[in-house]
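Taking the numbering used here, the leading residue of the sequence shown gets 72, the next gets one more, and so forth.
We put the beta carbon where it would ideally sit given N, CA and C, even for glycine.
In this text, all values refer to a predicted model and were calculated from it rather than measured experimentally.
Read the structure below first, then the notes.
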Amino acid sequence: MKPIPFRRLAAALCLLGPALALGAPGAFAQSAHAVVEPAELVLRNGAVYTVDAARSWAEAVAVRDGRIVYVGSDAGLGALVGTRTRVLDLRGRMVMPGLQDAHIHPISGGIEALGCNLNGGATAAEYVAIVRQCAASKPQDSWVLGGGWLMSAFGPGAMPSRALLDAVVPDRPVLLWSADGHTGWANSKALAIAGITHDTPDPPDGRIDRDPQTGEPIGSLQEGAVDLVDRFAPPASPEQRMNGLRYAVRMLNAYGITGLQDASVSLPDLETYAALDQAEGLTLHAVVAQWWERAEGLEQIAGMERRRQQFTRGHVRATTVKILQDGVMENYTAALLEPYLVDGSPRGIPMIEPETLKRVVTALDAKGFQVHFHAIGDAATRQCLDAVQSARASNGPRGLRHHISHLQLIDPVDIPRFRELGVVANFQPLWAYADAYINELTLPFLGQERTERMYPIGSVHTNGAMLAFGSDWSVSSANPYEQIEVAVRRADPALLDGAVFLPDQRLSLPAAIAAFTINAAYVNGIDRDTGSIEVGKSADLVVLDRNLFAIDPRAISDTKVLLTLFEGKPVHEEPGGL
Ligand SMILES: [Zn+2]
């Protein structure tokens, strides 16, 4: 299938388009009879999937001053091609709007990638070998810090032990975050520095894993318990943060990503964004979510407003607040309506008491903040929806695009509430197939019935809610083509014949692309300017090596990006690609 009904725009409309769409002064100085200014860049002979309201296709796009000034047929380009216009013949290749990742951690992910990086390892032995290598290569570092390990490497119900790390690094503290960011793995030296012993109580928002016989801490720390050690580790330097962000932006541009929502920023992170933007290195639109400190109250909102004012400039918008409402399933900290099927029948840990959450969200909504929730369990999801409902009741509709990330489990009665409340469902589609996390770490303690309701992307979509997608990198891969493939297939993108996990929840390709383009732009509050290929919008474009609509869906994840334009300028070019 290759649907290419061209949208043929009249040349006159294209002349008027950019100035009118931008509302620029002098919009009426140009008339349909004026001499056409040549474009700086023209892409022609392409399969341009515009993601406009009609989801129409075109052949050609022209760019001037960082803006799209023409979308239509090759024949309609006319005088837009001047003597100094750079013309790229796409030879039928697919063009899409630049993608936007609606939930990602660029700075910590970049620091992790440049630190002791356990991503890529798959067994405990591989992790230990990498840690030994990290320690040997940086003898001057007082701590060995990094992350990226998977709980599945340690087997069902097992947690990583400090003894494994002590064997290779006995003399310096080691702290390694799990890939999902919810568990820390520390050696004995690190526990000693933090004063964590047999007698240390669990913090209210976390758990120190202990040997069931002796009660001694084994070395793995859940949620808030990681902070007990992490607070002694040297914080990342401004230079490390900057290098981490640069690394992430380069990687994302290479995937065709030209916008993102950073799901948690601190003040030093905000300063890093501002500095990189000033250095003209922030080649994407960044909406950043200020972290809600659970230990503080509503008084922290004044500081958030100051930081929003100070840091919303250039390509940065500090217009969002991130609220973590529960943990994750694998360590029984996701908040559930019915208990986990394990000893003691726990129901997880709601991070903020639900009535308090309503007050917090209502106050943030009143101050014009978008709220970005983390909710994994069905109880946490309901608490977040209830909080938005409460804010709506108090403040009325304010056009704030609150969204809930992750949504591993949603009670069926809550699914229609996303549309009713205008809450965007922000899924991480790469998680929605039956990998070891689901088969070995989730199914045994969630049970069959609940497992068969996990990541209900299709149901939320057919109930009329808006979907946005994000990677949660460095929790999992930032490659959007892997994520789109899983959204469409619900199967392991690395396998050609992997099991399909809940076929009814599969999404159409147009819906999956929308979740990464126009809908992600909507949730980022920049959909008037980005997210589709339309005259007047920022020239954020990506040229792919294949037409996603014309291939076997199992090949979507192998897509390579040949060219990424951000505001009309190439920020990634595959050598010899075009
Ligand atoms: Zn996250």
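Distance between residue j and residue i (C-alpha atoms, nearest Å)
{"i": "L615", "j": "T630", "result": "7 Å"}
{"i": "D276", "j": "D298", "result": "10 Å"}
{"i": "P564", "j": "S127", "result": "28 Å"}
{"i": "R317", "j": "G352", "result": "7 Å"}
{"i": "E645", "j": "N324", "result": "11 Å"}
{"i": "E426", "j": "A450", "result": "13 Å"}
{"i": "V132", "j": "P624", "result": "26 Å"}
{"i": "A389", "j": "T601", "result": "18 Å"}
{"i": "S465", "j": "L159", "result": "53 Å"}
{"i": "P410", "j": "T452", "result": "15 Å"}
{"i": "R203", "j": "R312", "result": "24 Å"}
{"i": "G470", "j": "N590", "result": "15 Å"}
{"i": "T404", "j": "K393", "result": "18 Å"}
{"i": "I604", "j": "A585", "result": "12 Å"}
{"i": "D414", "j": "G398", "result": "19 Å"}
{"i": "I627", "j": "R560", "result": "10 Å"}
{"i": "A195", "j": "R379", "result": "43 Å"}
{"i": "A98", "j": "T522", "result": "For A98, the predicted model reports a pLDDT of 34, less than 50, meaning its position is unreliable and no value from the coordinates is stated."}
{"i": "D237", "j": "L262", "result": "11 Å"}
{"i": "S291", "j": "P500", "result": "28 Å"}
{"i": "A95", "j": "A582", "result": "Low confidence applies here, because A95 scores a pLDDT of 35, under 50, leaving its location unreliable; read the following figure in that light. Cα to Cα, A95 sits roughly 33 Å from A582."}
{"i": "P227", "j": "P527", "result": "25 Å"}
{"i": "W502", "j": "A562", "result": "10 Å"}
CB of residue i within 7 Å of CB of residue j, strictly
{"i": "G639", "j": "G330", "result": "no"}
{"i": "V358", "j": "T383", "result": "no"}
{"i": "G163", "j": "A224", "result": "no"}
{"i": "K429", "j": "A458", "result": "yes"}
{"i": "H653", "j": "G541", "result": "Any property of residue 653 remains undetermined from this structure, which presents the chain solely from 72 to 649."}
{"i": "G186", "j": "G149", "result": "no"}
{"i": "A206", "j": "V199", "result": "no"}
{"i": "G505", "j": "G448", "result": "Reading the sequence as shown, one finds Ala at residue 505 and not Gly. Their beta carbons are not under 7 Å apart, which means A505 does not touch G448 by this criterion."}
{"i": "M422", "j": "R365", "result": "yes"}
{"i": "L633", "j": "G648", "result": "yes"}
{"i": "A129", "j": "V142", "result": "yes"}
{"i": "I182", "j": "G315", "result": "yes"}
Per DSSP, cross-strand counterpart(s) of residue i
{"i": "M422", "result": "The partner list for M422 (beta bridge, DSSP) is empty, contrary to what the question assumes."}
{"i": "Q293", "result": "T254, R278"}
{"i": "W214", "result": "Bridge partners of W214: none, in fact."}
{"i": "Q361", "result": "V336, V392"}
{"i": "G192", "result": "N190"}
{"i": "M165", "result": "A118"}
{"i": "S609", "result": "R138"}
{"i": "E644", "result": "L634"}
{"i": "D160", "result": "R115"}
{"i": "A496", "result": "I475, L538"}
{"i": "P288", "result": "R281"}
{"i": "F587", "result": "Partner(s): none; F587 has no beta bridge."}
{"i": "Q245", "result": "Contrary to the premise, residue 245 reads as Val rather than Gln in this sequence. Partner(s): V215."}
{"i": "F444", "result": "I394, I475"}
Reference residue i, options the options, closest by Cα
{"i": "I622", "options": "L580, L649, I597", "result": "L580"}
{"i": "M322", "options": "N590, A562, W544, A570", "result": "W544"}
{"i": "V134", "options": "L636, L247, R625", "result": "L636"}
{"i": "V442", "options": "V199, Q499, Q396", "result": "Q396"}
{"i": "L246", "options": "T271, P274, S213", "result": "S213"}
{"i": "P309", "options": "A345, I475, L159, L578", "result": "A345"}
{"i": "P168", "options": "I201, L189, T121, V199", "result": "T121"}
{"i": "G252", "options": "A583, P551, H176, A195", "result": "H176"}
{"i": "Q381", "options": "M400, A539, E342, V632", "result": "E342"}
{"i": "R577", "options": "N595, F498, H445, S547", "result": "F498"}
{"i": "P274", "options": "G295, P283, T285", "result": "G295"}
{"i": "K260", "options": "V557, I289, Q284, D282", "result": "I289"}
{"i": "P109", "options": "N116, G374, E130, V152", "result": "V152"}
{"i": "A360", "options": "N595, L112, P641, R115", "result": "N595"}
{"i": "S547", "options": "A146, V106, N116, W220", "result": "W220"}
{"i": "E424", "options": "Q454, L567, A193", "result": "Q454"}
{"i": "V240", "options": "A229, G228, K209", "result": "K209"}
{"i": "V606", "options": "V107, V106, D123", "result": "D123"}
{"i": "R243", "options": "G286, G192, P305, R278", "result": "P305"}
{"i": "D572", "options": "Y508, A549, T588", "result": "Here the sequence assigns Phe to residue 572, which means Asp is not the residue at that position. Nearest of Y508, A549, T588 to F572, Cα basis: Y508."}
Proximity test, Cβ basis, 7 Å: residue i and chain C
{"i": "I289", "result": "You won't find chain C in this structure, because it holds only one protein chain."}
Cβ-Cβ separation, residue j to residue i (assumed contact under 8 Å), whole Å
{"i": "Q293", "j": "N402", "result": "5 Å"}
{"i": "S476", "j": "A334", "result": "7 Å"}
{"i": "V431", "j": "L369", "result": "7 Å"}
{"i": "V495", "j": "M537", "result": "5 Å"}
{"i": "A257", "j": "V300", "result": "5 Å"}
{"i": "V642", "j": "L170", "result": "Between L170 and V642 the Cβ distance is about 13 Å, and since that is not below 8 Å, they are no contact."}
{"i": "A319", "j": "G180", "result": "6 Å"}
{"i": "Y593", "j": "R463", "result": "That pair is no contact at about 18 Å."}
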